[in-house]
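Numbering (numbering that gives the first Met the number 0), first residue to last: 0 to 460.
Ideal placement from N, C-alpha and C gives every residue a C-beta, glycine not left out.
Written below as structure tokens is the structure these notes are about.
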Amino acid sequence: MKRAIFFILIIFNLFVLEVTAGEAVIDINSFKDNIYVGEQTTIMFSVNADENIYGFEIALTYNENLLLPIQTFLTVDELFKDMEKLIVTNKVGNGKIRLVGTLLGEGKNITSRGKLFNFNVKALKEGVTSINISTLKLLNIDGKRIDAIYYPQKISILRKVNYTNPENRVGVRDNAPVAYIKGFADDVDNIEIREVLINNINQENLTLHSKVYEITKSKGQIIKPITIVIPFGEDITNINELGVYYFNEGRKKWLYIGGDVDKEQSDITVTVDHLTKFAVFSHEKFALFYDAKGHWSSRYVNRLQRIGVLKGYQDGSFQPNKAITRSETAILLAKAFDISMHSENLFADDSAIPSWAKESVNAVKEMGLFKGYEDGTFRPNQNISRAELMSSIGSLLPYKESKLVYKDSDDIPHWALKNIEKCSAYGIVSGDDNGYIRPNDFITRAEAATMIYKLLKVLKI
């Protein structure tokens, strides 16, 4: 007789998330990313694994001062319905949710792909919280652990403000310049835009030139991008320094988006695919890489440069066509994900890792993005191949079915195939003009920057 045992323990508190790369992706999704005080939302928990799961242990955390569970049990999905001899203990209380189940006999596996459960919470007061995972263990049929990656789910709780202005404009007084939504997608409704007060920007080299606006949607997500127009002051000496920025709640930073500047109207028009706080800033000491202008990658390189991921060389160049080393790639990934630096020596060739890259290399190792070679070395000064970077990037992506159609698909190393398929499915890579993906070529600095930027867009980081 076989016995598969699984249980879930969900504790409401706030933890820091540690992400590892592996063979499964866990998704935590809220029906609403933005809710108002007093409203409810449903939190859904799903899994995508490469092999069947026969047991798991999960602990979710969030700030119980902002969110309150409103039910005494988890709602278990239909995946469990056909499982014979399933014994479940399901209880909620004292800030904890506990689900313990035991499968006896030759029953089905739990699942390899799909939604496991959901639960409902109520917003208590205004603020931002993340639903994280503090413990995650997945077991296969042999009782061996399946490595997994997972992402926190951010929920913004807003104070409800109603506007009756038919053009969705917000203004403090009649003659004040205001931001507004220029065009709506057909499937977008209930969008609100309001001015918010920011006490202290506290970000080096950024100067605010507009009011700060928060755009929210009362129900659901925006399906298509929307276009917004934000006015700025008239005392701007260098228009080229201006750009629309959005506030990244996870990093607690204003990040550059861009936009088209209209000098006559003194406003900037920009298209966005998510809702948050927006404002117009100038960057006092910013200068684009001189050799990125006109390059096919300039759009992606400039964006990463503006958010501080790319630094370039002392002469102001980026050298987009130069191959990038494994150390340099580690720095890009650490900055892109704002990973805390890690000083512990994790590779056998630690002494060969440049001092300026050592903490970043160890940080991405801890995150699971770089695993090193079989002999325990990292080989920091070796150029990184396209397959190696696509494998690291793909490990962070949720499963998405894809069929590779590149002319050189047979050249893809077996260890990278799964993650390259995900990179292709999400549009992070698309091959060259001749239909080749060139997995074993060394990747250039421009190609690496482009992949990393597209990854951040997919993950909405």
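The C-beta distance from Tyr179 to Arg193 rounds to 12 Å, too long to meet the 8 Å contact threshold.
Bounds of any alpha helix (DSSP H) do not take in Thr215; it lies within the beta strand (DSSP E) bounded by 211 to 216.
Put simply, of Ile130, Leu396, Leu416 the residue whose alpha carbon is nearest the alpha carbon of Gly249 is Ile130. Under the three-state reduction of DSSP, Gly257 is assigned to strand. Every beta strand (DSSP E) of 3 residues or more that sits fully in the region 275 to 324 is shown, in chain order, as 276 to 282.
Shown here, Ile451 sits in a helix according to DSSP, grouped into three states. Three or more beta-carbon pairs drawn from the region 387 to 399 and the region 418 to 427 are found closer than 8 Å, and the two stretches are therefore classed as touching. Taking a C-beta distance under 8 Å as the contact criterion, Phe246 and Lys223 do not qualify as a contact pair. Between the alpha carbons of Val36 and Lys402 lies a distance of about 44 Å.
Distance between Lys459 and Lys334, taken at the CA atoms: about 15 Å. For Phe280, the closest of Asp266, Ile442, Asp407 by C-alpha to C-alpha distance is Asp266.
The beta carbon of Ser408 sits closer than 8 Å to the beta carbons of Ile436 from its chain, once the five residues preceding and following it are set aside; these are given in chain order. Contact between the region 290 to 299 and the region 344 to 354 is not established, with fewer than three Cβ pairs separated by less than 8 Å. Each of Leu123, Ile132, Leu65, Glu63 was checked against the Cα of Asn28, and the nearest Cα belongs to Ile132. Between Lys136 and Phe55, the C-beta gap is smaller than 8 Å, which places the two residues in contact. Taking a contact as a CB-CB distance under 8 Å, the pair Asn439 and Ser384 counts as one, their CB atoms being some 6 Å apart. Contact between Ile338 and Ala362 holds, since their C-beta atoms are separated by about 4 Å, short of 8 Å. According to the DSSP assignment, Ala415 belongs to no beta strand (DSSP E) but to the alpha helix (DSSP H) extending over 413 to 424. Per the DSSP secondary-structure output, Leu67 pairs in a beta bridge with Lys121. Closest in C-alpha terms to Asp272, from the list Ile69, Ala48, Gln304, Lys456, comes Lys456.
Per DSSP, Met43 lies in no alpha helix (DSSP H) segment; the continuous beta strand (DSSP E) that holds it begins and ends at 39 to 52.
Secondary structure note for Ile148: its beta strand (DSSP E) is the uninterrupted segment 147 to 149. Between Val46 and Leu115 the beta-carbon gap is near 6 Å, inside 8 Å, which marks them as a contact. According to the DSSP assignment, Glu365 belongs to the alpha helix (DSSP H) that extends over 357 to 366. Secondary structure of Ile25 (DSSP, three-state): strand. By a beta-carbon distance limit of 8 Å, Ala322 contacts Phe441. Their separation comes to about 4 Å. In the same chain as Gln313, and ignoring 5 residues on each side of it, no C-beta atom comes closer than 7 Å to its own.
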